[in-house]
Amino acid sequence: MLPADLAPMAAPALTPWGMYLAADVVVKGVMIALAVASLATWTVLLAKGWELARQARALRLARSLLLSAPSLPVAGGEPALQQSIAVAMLDAARTELHLSQELDHREGIKERVASRLERLELESARNQRRGIGVLASIGAVAPFVGLFGTVWGIMNSFIGIAHSNTTNLAVVAPGIAEALLATALGLVAAIPAVLVYNHFTRVLAGLRGLLGDLSAAVQQLVSRDLDRAARRAPAGTLRAVN
1 MLPADLAPMA APALTPWGMY LAADVVVKGV MIALAVASLA TWTVLLAKGW
51 ELARQARALR LARSLLLSAP SLPVAGGEPA LQQSIAVAML DAARTELHLS
101 QELDHREGIK ERVASRLERL ELESARNQRR GIGVLASIGA VAPFVGLFGT
151 VWGIMNSFIG IAHSNTTNLA VVAPGIAEAL LATALGLVAA IPAVLVYNHF
201 TRVLAGLRGL LGDLSAAVQQ LVSRDLDRAA RRAPAGTLRA VN
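Take 1 as the starting number for the sequence shown in full-length UniProt numbering and just add one per residue.
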């Protein structure tokens with residue numbers, strides 16, 4: 001039987017939580033930052049995913065209603081057209097028609113309406129992208145943050161080896177494992193962030209298409225109303241459009 005002082009020492013618990021508790025304060029900070037980044041990714045996925053899905057449903061419904069409408073809807077009409085970007089586009093078209101009621105150059109009116117709708121499209125696209133850029137940052141930076149934690153942890157492990165004057169694997173392995181955990185957490189944070197960002201990129205492309213369809217539908221209604229007004233009063237003004 002071996003003497004007590006020669007018996008092998010019990011290895012530290014090499015569980016993720018145990019390695020976190022035994023890690024250096026800098027490595028702990030890196031792990032906490034990566035855990036927060038991962039939480040942010042899933043929060044953006046749930047919150048932004050619900051928001052964009054709701055907007056997509058509203059845009060599809062508004063597009064369907066406008067494509068089947070014979071003329072520009074009046075303010076306060078169909079409830080489905082009184083929300084999101086649809087009401088802003090309709091208000092912009094009505095405003096331009098009202099401001100241009102003394103003019104009879106239909107093409108100029110159409111161009112001004114198109115310009116107003118284009119600005120609204122761009123503003124809506126900027127609002128839809130809000131909060132998604134953080135995913136790209138997490139996906140790009142998280143692996144390097146994890147690598148920094150690993151390098152720092154391994155550096156401390158080598159310093160510990162030098163101080164203990166031993167290369168026993170049982171002494172070296174825990175410190176290296178703690179350091180490598182930081183790299184693993186960096187990948188855990190980065191990979192979902194990249195996948196979610198790519199998913200939202202596809203969703204936003206679809207929403208841009210819906211915004212374009214909605215804008216085109218409004219412009220078609222404006223053009224139709226202008227042609228009706230011109231037919232009723234070819235040599236007059238466009239007062240009847242309002």
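We put the CB at the ideal spot given by N, CA and C, even for glycine.
Contact annotation: residue 41 and residue 138 have beta-carbon atoms nearer than 7 angstroms.
Judged by their CB atoms, residue 184 and residue 135 are not nearer to each other than the 7 angstroms cut-off.
Closest in alpha carbon position to residue 82, among 102, 66, 96 and 182, is 66. One alpha carbon belongs to residue 64, the other to residue 190, and they sit about 39 angstroms apart. With contacts defined by Cβ atoms closer than 7 angstroms, residue 182 and residue 30 form a contacting pair. About 7 angstroms separates the Cβ atoms of residue 52 and residue 207, confirming a contact at the 8 angstroms cut-off.
The continuous alpha helix (DSSP H) containing residue 98 extends over residues 84-99. At the C-beta level, residue 215 and residue 117 come within 7 angstroms of one another. The alpha-carbon of residue 186 is positioned some 19 angstroms away from that of residue 156. Between the alpha carbons of residue 119 and residue 70 lies a distance of about 25 angstroms. For the pair residue 153 and residue 178, the CB atoms are nearer than the 7 angstroms cut-off. Exposure of residue 99 is indicated by the presence of fewer than 16 other C-beta atoms within 10 angstroms of its C-beta.
Under the DSSP assignment, residue 43 falls in the alpha helix (DSSP H) whose first and last residues are 25-67. When the beta-carbon positions are compared, residue 96 and residue 112 come within less than 7 angstroms of each other. Apart from sequence neighbours up to five positions away, no residue of its chain approaches residue 115 with a beta-carbon distance below 8 angstroms. Sequence-distant partners of residue 26 (beyond 5 residues in either direction) whose C-beta falls short of 6 angstroms from its own C-beta, in its chain, are 152. If you compare the alpha carbons of 143, 146, 176 and 147 with that of residue 158, the shortest gap goes to 176. Residue 200 sits buried, since 16 or more C-beta atoms from the chains shown fall within 10 Å of its C-beta. Counting along the chain, the unbroken alpha helix (DSSP H) around residue 122 starts and ends at 106-129. Around the C-beta of residue 146, 16 or more other C-beta atoms lie within 10 Å, and the residue is accordingly described as buried. At least 7 angstroms separates the beta-carbon of residue 62 from that of residue 33. Residue 157 carries a helical assignment under DSSP once its states are collapsed to helix, strand and coil.
Judged by DSSP in its simplified three-state form, residue 195 adopts helix. Counting the other CB atoms within 10 Å of its CB gives residue 46 a total below 16, which places it among the exposed residues.
Taking a 10 Å sphere around the C-beta of residue 218, we find 16 or more other C-beta atoms and assign the residue as buried.
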